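K.L.:
Residue 154 is where the sequence shown starts when you use my numbering, and the numbers rise one by one after that.
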Amino acid sequence: MSDTAIVKTIILKAPIEKVWTFLTVPEKLANWFHETDRALGTAGTEFVWYKFDPTAEDRTQMWGRVLESDPPKRLVHTFTHHGIDELETTVTWELTPITGGTHLKLTHEGLEHRKDQVGALGDHDKGWEGFLSHLRFII
154 MSDTAIVKTI ILKAPIEKVW TFLTVPEKLA NWFHETDRAL GTAGTEFVWY KFDPTAEDRT
214 QMWGRVLESD PPKRLVHTFT HHGIDELETT VTWELTPITG GTHLKLTHEG LEHRKDQVGA
274 LGDHDKGWEG FLSHLRFII
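#1: Going by alpha carbons, who is nearest to E239 out of E221, G217, F200?
#2: Which residue marks the beginning of the beta strand (DSSP E) containing I164, and which one marks its end?
#3: Would you say the beta carbon of H187 comes nearer than 7 Å to a heavy atom of the ligand COA?
#4: Within a Cβ cutoff of 8 Å, which residues of the same chain sit near G242, ignoring the five residues on either side of it in sequence?
#5: Just list the residues that DSSP pairs D223 with in beta bridges.
#6: Taking 8 Å as the threshold, find out whether the region 243-250 comes into contact with the region 269-279 through three or more Cβ pairs.
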């Protein structure tokens with residue numbers, strides 16, 4: 154892991170299996186993150202996340218490929234979008250069961266290659282903070 158990785162951890166009052174579904178099942182992802190075109194639970198799967206505006210001519214917001222899937226403990230996928238000049242970054246989700254819930258750790262790496270490193274890291278850090286707060290609220 155690089156020194157510039159974004160690392161977020163949250164505690165969720167839900168069993169690990171339920172948290173896994175919120176990371177991989179399209180209907181669950183749409184509730185806290187973005188709509189997607191397919192489930193993310195299988196290595197090799199390529200996917201698209203859509204913009205919130207259903208009337209947009211091109212709804213593609215972000216895209217990636219599942220690199221590793223070890224249900225319900227670990228999910229690793231690439232993550233890119235136009236705002237980072239289509240740079241391919243990596244997001245790792247690690248789920249650990251704890252008494253009464255799940256410890257969720259997100260690690261987002263690869264943004265250090267951006268020209269505006271501080272801006273890219275800050276924007277993504279803020280974005281993940283908001284989405285994870287929303288996940289905590291709905292789960």
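We treat Cβ as the ideally placed atom computed from N, Cα and C, and that holds for glycine.
Only a predicted model underlies this, so the values are computations on that prediction, with no experimental measurement involved.
P.N.:
Checking against the coordinates, here is how it stands:
#1: In the sequence shown, residue 239 corresponds to position 86, counting from 1. Nearest C-alpha to E239: G217.
#2: Taking the sequence shown and counting its residues from 1, one reaches residue 164 at position 11. Per DSSP, I164 belongs to the beta strand (DSSP E) from 159-165.
#3: This structure lacks the ligand COA; in fact it carries no ligand of any kind.
#4: If you number the sequence shown from 1, residue 242 lands on position 89. Per the sequence shown, the amino acid found at residue 242 is Thr instead of Gly. So the list reads T231, F232, T233, H261, E262, G263, L264, once near-sequence residues are dropped.
#5: Position 70 of the sequence shown, counted from the start, is the residue given in the question as residue 223. In DSSP, D223 forms a bridge with R227.
#6: no
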